[in-house]
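Colleague:
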Amino acid sequence: MDIEFQIKENKVAILIIGMAGTGKTTFVQQLSKQLKNEKHTLINLDPAVYSLPYEPEEDIRKSINYKELMTKNKLGPNGAIMTALNLYSLQLNQLIEKIEKSDSNIQIIDTPGQIEVFTWSASGNLISQTLSMSMPTIIFYVIDIARCQNPNSFMSNLLFSCSIFYKFKLPMVIVFNKCDVADSKQPLEWLRNYDSFTEALKNKDTYLSTLSKQMVLTLEEFYNNFTVLEVSSLTGQGFEKINEVIATAKQEYMNITLVDIQKRMNDQKQKNYDKQINQITQKIQNL
Amino acid sequence: MFYYGQLVIGPAGSGKTSYCNILQEGSFKRNIQVVNLDPAAEYIPYKCAIDIRELICLSDVMEEFEYGPNGGLVYCMEYLLQNWDWMQDQLNNIAQDDYVLFDCPGQIELYSHIDMMRKLTQLLVNSGFSISSVYLVDINFIEDDAKFLSGLLMALSASMTLELPAFTVLSKCDLMKDKKKLKRYTKLHKFNEESEYINQDEFSKTYKSFTSGISELVTSFGIGRLLCLDTTDDESIDNILGEIDYAIQFGDNLEPDDKLYDQAEQQL
Ligand SMILES: Nc1nc2c(ncn2[C@@H]2O[C@H](COP(=O)(O)OP(=O)(O)OP(=O)(O)O)[C@@H](O)[C@H]2O)c(=O)[nH]1
Ligand SMILES: Nc1nc2c(ncn2[C@@H]2O[C@H](COP(=O)(O)OP(=O)(O)OP(=O)(O)O)[C@@H](O)[C@H]2O)c(=O)[nH]1
Ligand SMILES: [Mg+2]
Ligand SMILES: [Mg+2]
Numbered sequence: 001m002d003i004e005f006q007i008k009e010n011k012v013a014i015l016i017i018g019m020a021g022t023g024k025t026t027f028v029q030q031l032s033k034q035l036k037n038e039k040h041t042l043i044n045l046d047p048a049v050y051s052l053p054y055e056p057e058e059d060i061r062k063s064i065n066y067k068e069l070m071t072k073n074k075l076g077p078n079g080a081i082m083t084a085l086n087l088y089s090l091q092l093n094q095l096i097e098k099i100e101k102s103d104s105n106i107q108i109i110d111t112p113g114q115i116e117v118f119t120w121s122a123s124g125n126l127i128s129q130t131l132s133m134s135m136p137t138i139i140f141y142v143i144d145i146a147r148c149q150n151p152n153s154f155m156s157n158l159l160f161s162c163s164i165f166y167k168f169k170l171p172m173v174i175v176f177n178k179c180d181v182a183d184s185k186q187p188l189e190w191l192r193n194y195d196s197f198t199e200a201l202k203n204k205d206t207y208l209s210t211l212s213k214q215m216v217l218t219l220e221e222f223y224n225n226f227t228v229l230e231v232s233s234l235t236g237q238g239f240e241k242i243n244e245v246i247a248t249a250k251q252e253y254m255n256i257t258l259v260d261i262q263k264r265m266n267d268q269k270q271k272n273y274d275k276q277i278n279q280i281t282q283k284i285q286n287l
Numbered sequence: 001m002f003y004y005g006q007l008v009i010g011p012a013g014s015g016k017t018s019y020c021n022i023l024q025e026g027s028f029k030r031n032i033q034v035v036n037l038d039p040a041a042e043y044i045p046y047k048c049a050i051d052i053r054e055l056i057c058l059s060d061v062m063e064e065f066e067y068g069p070n071g072g073l074v075y076c077m078e079y080l081l082q083n084w085d086w087m088q089d090q091l092n093n094i095a096q097d098d099y100v101l102f103d104c105p106g107q108i109e110l111y112s113h114i115d116m117m118r119k120l121t122q123l124l125v126n127s128g129f130s131i132s133s134v135y136l137v138d139i140n141f142i143e144d145d146a147k148f149l150s151g152l153l154m155a156l157s158a159s160m161t162l163e164l165p166a167f168t169v170l171s172k173c174d175l176m177k178d179k180k181k182l183k184r185y186t187k188l189h190k191f192n193e194e195s196e197y198i199n200q201d202e203f204s205k206t207y208k209s210f211t212s213g214i215s216e217l218v219t220s221f222g223i224g225r226l227l228c229l230d231t232t233d234d235e236s237i238d239n240i241l242g243e244i245d246y247a248i249q250f251g252d253n254l255e256p257d258d259k260l261y262d263q264a265e266q267q268l
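The listed protein sequences correspond, in order, to chains A and X.
Read in order, the letters of the first sequence correspond to residues 1 to 287 in the working numbering.
Read in order, the letters of the second sequence correspond to residues 1 to 268 in the working numbering.
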């Protein structure tokens, strides 16, 4: 017997992920502004954020007191974020039900700056998996373009985003943020024009030069495989095609992610999805 | 002055501190000194030659400036760079032939996002250090191919910023009972050719060429060749140290070459 599950095809969940200070929260605010004609829900999953520039409909801080977790359980800052997410993921079903019942088409989810906490924790895993089993789910990975000024850090950031991609296996859009900052031209040029990247490596004569051919190939593949947005979350530039970009990523989910999920559900060996979820939940409860 | 050692990096909980401790406790034909560079460290099992927390400590910074954990960490590392004289003074107490391990913080931001660790390495190199970076990947990353690749990409992303000879070490290998699986992942690994999911998984099919390009990059950087760390097995540690000694030219590795060089010169 197949496990029944019904994807809410008319909805989409967008996970906003990125390193600390890249502008995730500002991006959420701007995205909300840009999508003002669409019904959307803003969800904040950062338990430690002090003040938000937008009004979230759903907020982890409403049910979990981060400061109290730290003092009461003698947790370090990262441990407290992890615990807060764990506690929150236990009430995930309520969130999903609420979303499913609402008439909101787009859910925009802000995540904590501690990227490892969300990416590699059991709860981050549970949240992304549960979402992707309920509606099309995509990732917007935010990169601070001002932090990509030399070939080294540029490439390093791109490779990190690839790491995120293989971790979540969800459609991913790369957002180069802060393009209003004057010196954003160079890294964007590297991305579009591989020769200029080779040239930059030549000039620098770092030991990366020896890898430049391999890296240029990677750049090319990267550019071919991912949608890249160049935006400023501050000024709102670069958001013209946002609806299109979301639609494309959603289609990718339907063509790839959903097919794999369905296959997994029907696969005898892996039929224990519920069991898996239970195990993860159990693990979290034990922590 | 000339020093040798390793910059021990890797995500939180990957086993950096334990690795430093094991090396210091064991006997590996060298006098090992450990420097703690993690301002957030709470418990340190090894004998610290230098401790960043004597200069600055994360909880103080967070309290005083109301920083979050990330902002606080960045502040601490910046403070260390600005007060490098302090570090230099401390380093002067380390003997020439000591072997120095730097136990680093785990936050990935310090590597790719802001190039703080690169600045730090450059200062070390300027101080006369011949070091390699050693990135620890937790054994639980070899769950499946995608996760493994994801872990290696993180390693590459961090290691490449440092511009040092780079090594990737699979940590906590004592936890892996399935030796065949371990072998499969530690061999030069071509994900595209022998991936177990290749014919079933829509994801793998769609991104086949991308995956193949990415794994080739990982491999050509040397990141794909993993060294195994099993703390219950001294041989695995000898093996790691041997590879690194060769790369940074520590110890006996240099001498034969020197003699050959002298001989060659005399003959001329
Ligand atoms: N110039 C410029 N600054 C920006 C842009 N987006 C965000 N910022 C600034 O970058 C800083 C961090 O922005 P946030 O939106 O808080 O970043 P975040 O990723 O949510 O940060 P954490 O949640 O702490 O990880 C703020 O000072 C923003 O004003 C942009 O497009 N251009
Ligand atoms: N079984 C096993 N466990 C290990 C090994 N090394 C570390 N651990 C465990 O992994 C956990 C983290 O180890 P640490 O050495 O503190 O890791 P770290 O990388 O220094 O962590 P941070 O300083 O928080 O970034 C501890 O609970 C260790 O007991 C190992 O070789 N084998
Ligand atoms: Mg934020
Ligand atoms: Mg440690």
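Virtual Cβ for every residue (Gly too), placed ideally from N, Cα, C.
Keep in mind it's a predicted model, so treat the numbers as computed, not measured.
1) Using only the heavy atoms of ligand 2, determine whether one of them is closer than 8 angstroms to the beta carbon of threonine 17 (chain X).
2) Can you list the residues of chain X that threonine 111 (chain A) reaches, using a CB-CB cut of under 7 angstroms?
3) Can you tell me the Cα-Cα spacing of glutamine 94 (chain A) and tyrosine 99 (chain X), whole angstroms?
4) Threonine 218 (chain A) versus chain X: which residues are under 7 angstroms apart at the beta carbon?
5) Counting along the chain, where does the beta strand (DSSP E) carrying methionine 116 (chain X) start and finish?
6) Whole angstroms is fine: what's the gap from proline 151 (chain A)'s alpha carbon to asparagine 31 (chain X)'s?
7) Among the candidates X:Lys172, X:Phe102, X:Ile108, whose CA atom is the shortest distance from the CA of glycine 5 (chain X)?
8) Give the C-beta separation of serine 121 (chain A) and methionine 172 (chain A) to the nearest angstrom, bearing in mind that I take them to be a contact with Cβ-Cβ under 8 angstroms.
9) With a 10 Å radius around its C-beta and 16 neighbouring C-beta atoms as the bar for buried, classify threonine 168 (chain X) as buried or exposed.
10) Take the Cβ of alanine 84 (chain A) as the centre, count every other Cβ of all protein chains shown within 10 Å, and call the residue buried at 16 or more, exposed below.
11) Using the beta-carbon of each residue, which ones in chain A are nearer than 8 angstroms to lysine 147 (chain X)?
12) Over the uninterrupted alpha helix (DSSP H) stretch that includes asparagine 44 (chain A), give me the two end residues.
13) What are the partner residues of aspartate 138 (chain X), as DSSP defines its beta bridges?
14) Does the segment 14-32 of chain A come within contact of the segment 138-155 of chain A, defined as at least 3 CB pairs closer than 8 angstroms?
15) For ligand 4, I want to know if glycine 106 (chain X) counts as a neighbour, meaning its beta carbon is within less than 8 angstroms of at least one of the ligand's heavy atoms.
16) Would you mind sorting asparagine 192 (chain X) into buried or exposed? The rule is 16 or more other CB atoms within 10 Å of its CB.
17) Can you pull the DSSP bridge partners for phenylalanine 140 (chain A)?
18) With 16 as the cutoff for other CB atoms within 10 Å, does aspartate 267 (chain A) come out buried or exposed?
19) Among A:Lys72, A:Lys8, A:Ser161, A:Phe222, which has the Cα closest to the Cα of serine 112 (chain X)?
20) Cutting at 7 angstroms between CB atoms, please list the residues of its own chain near tryptophan 86 (chain X), excluding the five before and the five after it.
21) Exposed or buried, what is serine 27 (chain X) when buried is set at 16 or more other beta-carbons lying within 10 Å of its beta-carbon?
22) Confirm the yes/no value for this check: CB of asparagine 38 (chain X), any heavy atom of ligand 2, distance under 8 angstroms.
23) So the candidates are A:Phe222, A:Thr41, A:Asn44, A:Glu68; which of them puts its Cα closest to the Cα of tyrosine 207 (chain X)?
24) Across the segment 64-79 of chain X and the segment 129-139 of chain X, are there enough close Cβ pairs to call them in contact, namely three or more that are closer than 8 angstroms?
25) Grouping DSSP H, G and I as helix and E and B as strand, with all else coil, what is glutamate 58 (chain A)?
26) Identify the continuous beta strand (DSSP E) that holds glutamate 230 (chain A) and give its terminal residues.
Modeller: Working from what's here:
1) yes
2) Correct list: empty, because the minimum Cβ distance to chain X is about 13 angstroms.
3) 55 angstroms
4) Gly213, Ile214, Leu217
5) Taken as a continuous stretch (DSSP letters only), methionine 116 (chain X) belongs to no beta strand (DSSP E), being part of the alpha helix (DSSP H) at 116-126.
6) 38 angstroms
7) X:Phe102
8) Incorrect: roughly 19 angstroms between the Cβ atoms, too far for contact.
9) buried
10) buried
11) Tyr166, Lys167
12) No alpha helix (DSSP H) contains asparagine 44 (chain A), which is instead part of the beta strand (DSSP E) from 40-44.
13) X:Ser171
14) yes
15) yes
16) Low confidence applies to asparagine 192 (chain X): its pLDDT is 49, below 50, so where it sits in the model is not reliable enough to give any reading.
17) A:Ile16, A:Val173
18) exposed
19) A:Ser161
20) Leu55
21) exposed
22) Reading off the sequence, residue 38 (chain X) comes out as aspartate, not asparagine. Indeed, a heavy atom of ligand 2 lies less than 8 angstroms from the Cβ.
23) A:Phe222
24) no
25) strand
26) 227-230
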